[in-house]
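Student:
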Amino acid sequence: MRDRLTRFKAEITKNFQQQLDEEKQRSQMLEKQLYDSMIGGSFAGSKYIADKIAIPADLLQARFGQAFKVEEGRIVAYDASGNKIYSRAKPGELAQFDEALEFLVENYPQKDYILKASGNNGGGSRPTQHDIGQKTMKRSAFDALDVAGKQNALKDGITIVD
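The opening residue of the sequence shown carries number 0 in numbering that gives the first Met the number 0; numbering runs sequentially from there.
1) Unbroken alpha helix (DSSP H) runs of length 4 or more, entirely within the stretch 30-111: which are they?
2) In three-state terms, what does DSSP make of M28?
3) May I have the straight-line CA-CA distance separating A88 from S117, to the nearest angstrom?
4) What does the alpha-carbon distance come out to for the pair G40 and T135?
5) Quick check: what's the CA-CA separation for T5 versus E98?
6) Quick one: is L103 buried, meaning 16 or more other Cβ sit within 10 Å of its Cβ, or exposed?
7) Within 8 Å, do at least three Cβ pairs link the stretch 76-87 to the stretch 58-68?
8) Looking at the secondary structure, which residues open and close the alpha helix (DSSP H) in which K154 lies?
9) Pick out whichever of N106, D145, I74 and M0 has its Cα sitting closest to the Cα of D35.
10) For the alpha helix (DSSP H) containing A116, list its first residue and its last residue.
11) What residue does the alpha helix (DSSP H) around A140 start on, and which one ends it?
12) By DSSP's criteria, T158 is part of a beta bridge. Which residues make up the other side?
13) Among residues of its own chain, excluding the 5 on either side of K137, which ones have a beta-carbon nearer than 7 Å to its beta-carbon?
14) Cβ atoms of K51 and L153: under 8 Å apart, would you say?
15) Check whether the Cβ atoms of A94 and A79 lie closer than 8 Å to each other.
16) When burial is assigned at 16 or more other CB atoms within 10 Å of the CB, is F15 buried or exposed?
17) Does at least one heavy atom of the ligand ZN sit under 7 Å from the Cβ of D78?
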């Protein structure tokens, strides 16, 4: 009798554990689908990515996706230290997706390789004299002008460069 009771308990425990494992697996699958839908959709529809990022959203998600989690139906971002990312625009509130992603990209050492160019030329992206409307003339060209030409050039705001 005792042996039958022990086998019966073992059978019930085994069946219960099997059901529990199946439900846990189902729950994990649903969490992954929710994550893929919410986080993947946020990367795919991000205005920040469309406007500022030079690489496709899926590559950016592969690099930064692990920083985002779905908690209580909301997307929550974490920095490299594991701290939640809070909004700069709304202090005390968690950062929205684009703001959090911008923070993560700003702190990424290789950000210059993934950000779109600003449109200016050269390293440091400083505007050139031409970009800001400044007129320049080489000294040799200025010296070749007659007196009236030199006066007109100076009157027009020409800067002489060597």
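Here a beta-carbon is modelled for each residue, glycine too, at the ideal position from N, C-alpha and C.
Tutor: Straight from the coordinates:
1) Here the runs fully enclosed are 46-51, 56-63 and 96-105.
2) Helix.
3) 23 Å
4) Near 51 Å, if we compare the C-alpha coordinates of T135 and G40.
5) 59 Å
6) buried
7) yes
8) V146 to K154
9) I74
10) Careful: A116 lies outside any alpha helix (DSSP H) and carries neither H nor E.
11) R138 to D142
12) T135
13) Taken in chain order, the residues that qualify are V160.
14) Between L153 and K51, the C-beta spacing is not below 8 Å.
15) One thing to note: A94 has its Cβ no nearer than 8 Å to the Cβ of A79.
16) Burial call: exposed.
17) Among the ligands in the structure shown, none appear at all, so the ligand ZN cannot be discussed.
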